[in-house]
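Listed in order, the protein sequences are those of chains H and X.
Here the numbering used here is used: the first residue of the first sequence is 11, the next is one more, and so on.
Here the numbering used here is used: the first residue of the second sequence is 11, the next is one more, and so on.
See below for the structure under consideration.
Number of protein chains: 2
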Amino acid sequence: MSQVRVHNFAVSLDGFGAGEGQSMEAPFGHAQGRLMEWFFGTRTFQAMHGKGGGGAGVDEALASNWGPGIGAEIMGRNKFGPQRGAWTDDEWKGWWGDNPVFHTPVFVLTHHPRPSIEMEGGTTFHFVDAGPAEALAMARDAANGLDVRIGGGVATVRQFLAADLIDHMHIALVPIVLGRGERLWDGLEGLDERFTIESVTTPSGVTHLTFTHK
Amino acid sequence: MSQVRVHNFAVSLDGFGAGEGQSMEAPFGHAQGRLMEWFFGTRTFQAMHGKGGGGAGVDEALASNWGPGIGAEIMGRNKFGPQRGAWTDDEWKGWWGDNPVFHTPVFVLTHHPRPSIEMEGGTTFHFVDAGPAEALAMARDAANGLDVRIGGGVATVRQFLAADLIDHMHIALVPIVLGRGERLWDGLEGLDERFTIESVTTPSGVTHLTFTHK
Numbered sequence: 011m012s013q014v015r016v017h018n019f020a021v022s023l024d025g026f027g028a029g030e031g032q033s034m035e036a037p038f039g040h041a042q043g044r045l046m047e048w049f050f051g052t053r054t055f056q057a058m059h060g061k062g063g064g065g066a067g068v069d070e071a072l073a074s075n076w077g078p079g080i081g082a083e084i085m086g087r088n089k090f091g092p093q094r095g096a097w098t099d100d101e102w103k104g105w106w107g108d109n110p111v112f113h114t115p116v117f118v119l120t121h122h123p124r125p126s127i128e129m130e131g132g133t134t135f136h137f138v139d140a141g142p143a144e145a146l147a148m149a150r151d152a153a154n155g156l157d158v159r160i161g162g163g164v165a166t167v168r169q170f171l172a173a174d175l176i177d178h179m180h181i182a183l184v185p186i187v188l189g190r191g192e193r194l195w196d197g198l199e200g201l202d203e204r205f206t207i208e209s210v211t212t213p214s215g216v217t218h219l220t221f222t223h224k
Numbered sequence: 011m012s013q014v015r016v017h018n019f020a021v022s023l024d025g026f027g028a029g030e031g032q033s034m035e036a037p038f039g040h041a042q043g044r045l046m047e048w049f050f051g052t053r054t055f056q057a058m059h060g061k062g063g064g065g066a067g068v069d070e071a072l073a074s075n076w077g078p079g080i081g082a083e084i085m086g087r088n089k090f091g092p093q094r095g096a097w098t099d100d101e102w103k104g105w106w107g108d109n110p111v112f113h114t115p116v117f118v119l120t121h122h123p124r125p126s127i128e129m130e131g132g133t134t135f136h137f138v139d140a141g142p143a144e145a146l147a148m149a150r151d152a153a154n155g156l157d158v159r160i161g162g163g164v165a166t167v168r169q170f171l172a173a174d175l176i177d178h179m180h181i182a183l184v185p186i187v188l189g190r191g192e193r194l195w196d197g198l199e200g201l202d203e204r205f206t207i208e209s210v211t212t213p214s215g216v217t218h219l220t221f222t223h224k
């Protein structure tokens, strides 16, 4: 059975996976880039943006697991873009340019379905009004036996955790106190009992936690 | 100038320093012992309870810093005991037996002052109705040039952090999701900017974070 995986998902010490005030200019709200600084320095991030270089240390080892073996992604609408409600800007095709980093089908959860958007490089955005289990069935079908990545944002990961649909999750705990934003852990009391959890701290100051479903 | 220090203060992944439902039988509420398991295994904890043995690893290295150089402790009333409001049980002398582990003056913050209680082994509990700065002045005076430990509970540590009175803080981040209880980080947005933060993960699964004031 293909696995359902979360990678490179950063949270603050106070459990926020995004700040307050998400917008076109600030996809993480007032958190800005602070949750992802450890990631910006990795080879994986640099390669995603067509650049060479970047660190090859433990941050990279974790970050690089993002891609291999993945056949589809599921993301929440808030990760796709800052629009809310009915789609008013049909030109918006995500934050990732003409050739997005995914290179697989991507299922965007929304209560406002619209036609799929085929991009360069193998990424197709499908817009589906579906609960976690139904969306996962569609993504599994599209993934051809490969794994499905739950790409975020915060509410989407939380929803899949609550439904106990995640097999493996990588959290990067960033030692900052955001104070406000979207909380990852709300409603997930006892989550740790369902997973084997390992932790490692790296020189960037981040603590990586891996959750492997028991 | 003597330092103001926090040691061995455990929080969950979702930022709770204690669970819900604190009582005589459950000082950490529904969290029970889960926040302190890493600590129970250390030599420091075993010695506090008159026993030999215990681990001498990195958990112990952090835990053992609790005592040396401390001349007084400040604690909140909720750490002293489960009573709330006016004191009704004058026999209650804390959780720590006739010879408490502190061996210094201990200032208990309460809106209901009462006579001091002198215990065996150098611990005297003073009950003071004072804000953080005023309590700290009293504790510094009693500490004779040594450092002052802020002993908890959650609200007390948060209050001293909000007043920017803490020089050094050791947090043990325990990878559990408590779901409810007392949050340490509330109201402390940007706290990380005031401190140099280091992290280390140990085989017990805990991540120790040290905060050193810039």
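Glycine included, C-beta positions come from ideal geometry on N, C-alpha and C.
Just so it is clear, the structure is predicted and the values come from calculations on it, not from any experiment.
| Query | Result |
| --- | --- |
| How long is the line joining the alpha carbons of alanine 73/H and glycine 155/X, rounded to whole angstroms? | 48 Å |
| Residues in its own chain within less than 8 Å of glutamate 83/H by CB, not counting five upstream and five downstream? | Phe112, Thr114, Pro115, Val116, Phe117, Ala149, Val158, Arg159, Ile160, Gly161 |
| If I'm right that glycine 189/H touches leucine 198/X with Cβ under 8 Å, what's the distance once you round it to whole angstroms? | 7 Å |
| Check the C-beta distance from valine 10/X over to serine 22/X and give it rounded, since I have them as a contact under 8 Å. | This structure gives no information on residue 10/X, because the portion of chain X shown stretches from 11 to 224. |
| How many whole angstroms separate the CB atoms of leucine 194/X and valine 216/X, which I take to be in contact at a CB cut-off of 8 Å? | With a Cβ gap of about 15 Å, leucine 194/X and valine 216/X do not count as contacting. |
| Using a Cβ-Cβ cut-off of 7 Å (strictly less than) and excluding sequence neighbours within five positions of serine 33/X, which residues of its own chain qualify? | Pro92 |
| For chain X, is any of its Cβ atoms less than 8 Å away from the one on isoleucine 176/H? | no |
| Using the Cα positions of glutamate 47/X and glutamine 56/X, report the straight-line distance between them to the nearest angstrom. | 12 Å |
| Could one say the Cβ of serine 209/X lies closer than 8 Å to chain H's Cβ atoms, at least one of them? | yes |
| Less than 8 Å separating the beta-carbons of valine 184/H and arginine 53/H? | no |
| In the DSSP assignment, find the unbroken beta strand (DSSP E) run with valine 16/H in it and report its ends. | 14–22 |
| For a test of the three-state rule: what should DSSP assign to glutamate 101/H, helix, strand or coil? | coil |
| Taking only runs of the alpha helix (DSSP H) that begin and end inside the stretch 166–212 of chain X, which ones reach a length of at least 4 residues, in chain order? | none |
| If I measure Cβ to Cβ from glycine 27/X and keep anything under 6 Å in the same chain, skipping five residues before and after, which residues do I get? | Val21, Val164, Glu192, Leu194 |
| So, with DSSP's three-state summary, where would you put proline 115/X? | strand |
| Along chain B, in chain order, which residues have C-beta atoms closer than 8 Å to that of glutamate 199/H? | No chain B is present in this structure, whose protein chains are H and X. |
| Assuming histidine 83/X is part of the beta strand (DSSP E), what are its boundary residues? | Correcting the residue type first, residue 83/X is glutamate in the shown sequence and not histidine. Per DSSP, glutamate 83/X belongs to the beta strand (DSSP E) from 80–86. |
| With 16 other CB atoms within 10 Å as the buried threshold, where does histidine 121/X fall? | exposed |
| In the DSSP assignment, find the alpha helix (DSSP H) that holds valine 68/X and state where it starts and stops. | 68–73 |
| For alanine 173/X and arginine 124/H, I'd like the C-alpha separation in whole angstroms. | 51 Å |
| Which residues does DSSP pair with alanine 28/H in a beta bridge? | Glu192/H |
| Given that threonine 217/X touches chain H, what residues does it touch there, using C-beta distances under 7 Å? | Ser209, Thr211, Thr217 |
| Report the CB separation of histidine 223/H from histidine 180/H in whole angstroms; it is logged as a contact under 8 Å. | Histidine 223/H to histidine 180/H, Cβ: 13 Å. No contact. |
| Mapping DSSP to helix, strand and coil, what is histidine 59/H? | coil |
| Pull up the distance between the alpha-carbon of serine 209/H and that of glycine 25/X, whole angstroms please. | 17 Å |
| Please report the straight-line C-alpha distance between alanine 71/H and leucine 201/X, rounded to a whole angstrom. | 29 Å |
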